[in-house]
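Read through the structure below, which is laid out as structure tokens, and then see the notes.
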Amino acid sequence: MSGSKNENWTTVITPKDKLLRLNLRELWQYRDLVTSFVKRDITSVYKQTILGPLWFFIQPIFTTLMFLLVFGNIAKIPTDGVPQILFYMNGIILWNYFSSCLTSTSNTFVSNAYIFKKVYFSRLALPVSQVISALVKFSIQFLLFLIMLLAYWIAGSAVSPSWALLAVPLFVLQMAMLGLGVGLIVTSLTTKYRDMAHLVTFAVQLWMYATPIVYPLSMVPEKWRSLYMLNPVVPVLEGFKHAFFSTGMPSFAEYGISIATTFILLFGGILVFNLVERNFVDTV
Numbered sequence: 000m001s002g003s004k005n006e007n008w009t010t011v012i013t014p015k016d017k018l019l020r021l022n023l024r025e026l027w028q029y030r031d032l033v034t035s036f037v038k039r040d041i042t043s044v045y046k047q048t049i050l051g052p053l054w055f056f057i058q059p060i061f062t063t064l065m066f067l068l069v070f071g072n073i074a075k076i077p078t079d080g081v082p083q084i085l086f087y088m089n090g091i092i093l094w095n096y097f098s099s100c101l102t103s104t105s106n107t108f109v110s111n112a113y114i115f116k117k118v119y120f121s122r123l124a125l126p127v128s129q130v131i132s133a134l135v136k137f138s139i140q141f142l143l144f145l146i147m148l149l150a151y152w153i154a155g156s157a158v159s160p161s162w163a164l165l166a167v168p169l170f171v172l173q174m175a176m177l178g179l180g181v182g183l184i185v186t187s188l189t190t191k192y193r194d195m196a197h198l199v200t201f202a203v204q205l206w207m208y209a210t211p212i213v214y215p216l217s218m219v220p221e222k223w224r225s226l227y228m229l230n231p232v233v234p235v236l237e238g239f240k241h242a243f244f245s246t247g248m249p250s251f252a253e254y255g256i257s258i259a260t261t262f263i264l265l266f267g268g269i270l271v272f273n274l275v276e277r278n279f280v281d282t283v
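The sequence shown lines up with residues 0 to 283 when you count with numbering that gives the first Met the number 0.
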């Protein structure tokens, strides 16, 4: 009898009783689904394109060349002794990873509403899969950067990596956490306010120019430096740059503020995500 009290259920879905409930065990149970989402994201982006995965390499190369022409040759913005191509590519690949995490997760609820309405699974599976998909793209572009770095080193260019190379995985992890946290906040707001989707693209572009990617940190006036360093992305990018070029690390206080901001945004994002998740189907 289907209603028997002795019947054992394999899965029981209950309302969430806590807002800040990660439920990582449930997320781990859906790891195969996360893997499927990652494969879907990677293959769908360049499906039915002529060059296919080559776009992973073409995008940072063309962006670097454009920055080299506009900011290096026309505007003649210095790069503090770092070869211009390496300077721009170093900032571009890490920034692209952050912006990809942010923009892809910021669309989670709206673009996947049809899936959420049909079947239950850990809702965090989708944003986590998008962060992993972006990591695959970053890894390919990072390999391209290492090849360029090696070529300059063989050619005798003054490139001197530092001890911060050991912290590179931590810099990448922090960028993922930042992008995921901000993205979860935005996707939660877009369920009710659709203009947020349009605002994100514009905000990410402004954010990029408020970050030392096309110019060195030394160009920021000293009186504005403390305020500028409150941008949580700046210390991470500067640390990533220092790892390969020994350009100077942010202070412990500046990096500490960046880490604290990252955790606040991540946990704030999870909090808002869990709150909206309860009834977002009724508003999307």
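Backbone N, C-alpha and C fix where the C-beta goes; we use that ideal spot for every residue, glycine too.
Item checked: Classification of N89 by the beta-carbon crowding that lies within 10 angstroms, buried from 16 upward -> If you number the sequence shown from 1, residue 89 lands on position 90. With 16 or more other Cβ atoms within 10 Å, it is buried.
Check: Can the beta-carbon of T200 be found less than 7 Å from the beta-carbon of V232?
Finding: For the purposes of this step, residue 200 is identified with residue 201 of the sequence shown, where counting begins at 1. For the purposes of this step, residue 232 is identified with residue 233 of the sequence shown, where counting begins at 1. No.
Check: Under a Cβ-count criterion, where at least 16 other Cβ atoms within 10 Å of its own Cβ denotes burial, should N273 be classed as buried or exposed?
Finding: Numbered from 1 along the sequence shown, position 274 holds the residue referred to as residue 273. By the neighbour-count rule (16 or more Cβ atoms within 10 Å), N273 is buried.
Next item on the list: Would you mind listing the beta strand (DSSP E) stretches within the region 149–228 that are 3+ residues and don't spill past its ends, in chain order?
Entry: none
Item checked: Nonlocal neighbours in the same chain, by C-beta distance under 7 Å from D40, ignoring five residues either side -> Start at 1 with the first residue of the sequence shown, and residue 40 comes out as number 41. Answer for D40: S128, Q129 and S132, listed in chain order.
Next item on the list: Alpha carbon to alpha carbon, how far is Q140 from M0? Give it in angstroms, no decimals.
Entry: Translated into positions along the sequence shown, residue 0 becomes position 1. Translated into positions along the sequence shown, residue 140 becomes position 141. Confidence at M0 is low in this model, with a pLDDT of 44, below 50, so its placement is unreliable and the value that follows should be read with caution. C-alpha separation (whole angstroms): 58 Å.
Item checked: Residues near V213 by beta carbon distance below 6 Å, same chain, minus five either side -> The residue labelled residue 213 in the question sits at position 214 within the sequence shown. If we look at V213 and ignore the five residues flanking it on each side, its Cβ neighbours are F66 and F70.
Next item on the list: Locate the alpha helix (DSSP H) running through A112, then write down its first and last residues.
Entry: Position 113 of the sequence shown, counting from 1, holds the residue named residue 112. Residues A112 to F115.
Margin query: My output table needs one value for M0: the three-state DSSP class, helix, strand or coil.
Written below: Counted from its first residue, the sequence shown places residue 0 at position 1. With a pLDDT of only 44 at M0, under the threshold of 50, the placement of this residue in the model should not be trusted; the figure read from the coordinates follows. Coil.
Notebook entry, point to check: For F120, which three-state DSSP category applies?
Noted result: Within the sequence shown, numbered from 1, the residue matching residue 120 stands at position 121. Looking at F120 - three-state DSSP - the assignment turns out to be coil, as it is neither helix nor strand.
Check: Using a Cβ-Cβ cut-off of 8 Å (strictly less than) and excluding sequence neighbours within five positions of E36, which residues of its own chain qualify?
Finding: Mapped onto the sequence shown, residue 36 falls at position 37. Looking at the sequence provided, one finds Phe at residue 36 rather than Glu. Contacts found: A124, L125, S128, Q129 and S132.
Checklist line | Straight-line Cα distance separating L270 from G155 | finding: One-based indexing of the sequence shown puts residue 155 at position 156. One-based indexing of the sequence shown puts residue 270 at position 271. The alpha-carbon atoms of G155 and L270 are separated by roughly 51 Å.
Check: Does the region 116–123 come close enough to the region 218–230 to have 3 or more Cβ pairs within less than 8 Å?
Finding: For the pair of segments examined, the region 116–123 was found not to touch the region 218–230: the number of CB pairs separated by less than 8 Å stays below three.
Next item on the list: Output yes or no for whether 7 Å exceeds the beta carbon distance between T107 and L177.
Entry: Mapped onto the sequence shown, residue 107 falls at position 108. Mapped onto the sequence shown, residue 177 falls at position 178. No, Cβ-Cβ distance for T107 and L177 is not below 7 Å.
Note to self: Give me the residue from L229, I91 and G268 with the minimum Cα distance to S250.
What the structure shows: Reading the sequence shown from its first residue, position 251 is the one you call residue 250. For the residues L229, I91 and G268, the minimum Cα distance to S250 belongs to L229.
Next item on the list: Would you verify that the beta carbon of M176 is, or is not, closer than 7 Å to some beta carbon of chain C?
Entry: Looking at the structure shown, chain C is missing, and only one protein chain is on hand.
Item checked: Close beta carbons around A196, own chain, < 6 Å, minus the five adjacent residues each side -> Here residue 196 corresponds to residue number 197 of the sequence shown, with the count starting at 1. Closer than 6 Å at Cβ, skipping near neighbours: T189.
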